[in-house]
Amino acid sequence: MKRTMKVVVFIALVAMLAGLAACNSDGDSPHSQGVTDDTIYVGNTAAVSGAAAGVGIPFIEGMQAYFYRVNNAGGVHGRNIEFVHHDDGFEAVTGMAYTEALIHDDEVFAIVGHFGTPTVGATLDMLKDVGIPTVYFATGIGVLYNTEAHTVAQGQNLFPVQPLFAMEGRVLVARLVEEHDARRIGVIFTNDEAGLDMMSGINTQANIIPGVTIYSEQIAPLQADVSSAVLRMIAEDVDAVIVAAIQFTLPIVVNSMVAQGLDVPVITSYVSADATTLAGFMADYVGAGASFPIYTTGWLSLFTADGGFEDEFVDFMNGMVEFGQEDLAGNAFAIAGWVASSVFVQGLRAMDGDSITWDAYIEALENIIVDLPMGGVMNFAGGQRTGTGAMLLNVANMEEGVWEVVRPIETLDDIMGRIN
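Below you can see the structure in the form of structure tokens.
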């Protein structure tokens, strides 16, 4: 009986391992899972309900608009791209369950536009264990940063595109020093991965630039009352404030600063450079007659030097109209979704269509220079998984209710060259 049980267990283990191996090759098919003669299935889990719906909805629409255009032009390697989406409500546990479902139930070829710090942080080990290509992470958490991704176990299958928060924290400090000669810098940061990663970069850069002192105050994500943190900034007589948090926090901090009379420049992450976030503080700011500048970084350029639209931005806007989402034709999160799909498709086009496998896709994306629509270029060669490092500087134009570019896309070295 014991021997029989051992044999049964052994057979079950072999079957399980064979099933896992089959994820990268469907039986006799020359392709990995999610690839048929006429379709390539990709998917993601992203919040289109709950607190993050204002980000998730346009992000998903931007992704689908790009795939819609590709399919209308004949697809890739004679196949249409079919997008599978689940709504995780910005909950890590739900996002983890849906990511597992995408891989094992929906059997998608790739995860594209992996969305949000909670879900991304909870699923990275799973993605590496399975080995599924995952292109574009809608977050900048530091665990994605990697210069040594030479195997799947090291994250070779993971392709971050957006700037990562630790690097952005360094840029935020450098921008304040250059623009306002800020030396006493207050930081209001959320005690989550986004805030802590930015805080790490902020401290790193403050130690590099002579005379900079950081005064930090921690808050919870989505904390509605930040008056005590603002009072701390007033007590420390800071020259400027960094909001080291994702987009929900900026309006809360700005409105509290207006209410308590803290009149110093503010800067925050690129994730807040959208009209919805701007609308969250504009009424209080204008109503109180406030005048301090509010900055965000950015990694995509929409306007030419003479104030016109970049050709690639026009192309995106036309794409949203074609998809029936003209109301999102200027939305920053829809643009991010468009970029996510574009990067994935560039890797797909670089492959041999006769054998569309995970390994071949990873190799293809590592061997091309990726062109970011409305941005710079990226190179994943040699295990580089660092996200884009070049960023611009926006300022809020309260009269017109828009973000305006005041510095072009530049690297941290560019900025530091002028400071030094």
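Residue numbers (our numbering): -19 to 400.
Using N, Cα and C, we set each Cβ at its ideal position, and we do this for glycine too.
Across the set Phe296, Asp177, Val157, the C-alpha of Phe296 shows the shortest separation from the C-alpha of Leu280. With contacts defined as CB atoms closer than 8 angstroms, Ile165 and Ile194 qualify as a contacting pair. In this structure, Ala27 sits near Asp67, with a CB-CB distance shorter than 8 angstroms. When DSSP states are grouped into helix, strand and coil, Met300 belongs to the helix group.
Judged by DSSP in its simplified three-state form, Ala118 adopts strand. The beta carbon of Arg387 sits closer than 7 angstroms to the beta carbons of Leu372, Leu373 from its chain, once the five residues preceding and following it are set aside; these are given in chain order. For Met76, the secondary structure class from DSSP, reduced to helix, strand or coil, is helix. Using a C-beta cut-off of 8 angstroms, the segment 352 to 371 makes contact with the segment 278 to 292, since at least three inter-stretch Cβ pairs fall below that distance.
Note that the C-beta distance between Val123 and Gly101 is below 8 angstroms. The shortest C-alpha to C-alpha distance from Asn377 to any of Ile399, Asp254, Gly367, Glu390 is the one to Asp254. DSSP, read as helix, strand or coil, puts Met358 in strand. Three or more Cβ pairs drawn from the segment 148 to 155 and the segment 176 to 187 lie within less than 8 angstroms of each other, which places the two stretches in contact.
Rounded to whole angstroms, the gap between the alpha carbons of Met43 and Val233 is 31 angstroms.
When C-beta atoms of the segment 33 to 41 are compared with those of the segment 71 to 88, fewer than three pairs fall below 8 angstroms, so the two segments do not count as touching. Ranked by Cα distance from Glu292, the options Phe261, Asp351, Val73, Glu173 are led by Asp351. The beta carbons of Phe70 and Ala31 sit about 6 angstroms from each other, so the pair counts as a contact at 8 angstroms. Contact between the segment 298 to 306 and the segment 12 to 27 is absent: fewer than 3 CB-CB pairs across the two stretches fall below 8 angstroms. Here Glu173 really is in contact with Ile121; their C-beta atoms are around 4 angstroms apart, less than 8 angstroms. Trp383 carries a strand assignment under DSSP once its states are collapsed to helix, strand and coil.
Annotation: the continuous beta strand (DSSP E) that includes Ile20 extends over 19 to 25. Ranked by Cα distance from Gly55, the first of Thr19, Val35, Ala33 is Thr19. Nearest neighbour of Ser252 by Cα position, chosen from Val206, Val319, Trp383, His160, turns out to be Trp383.
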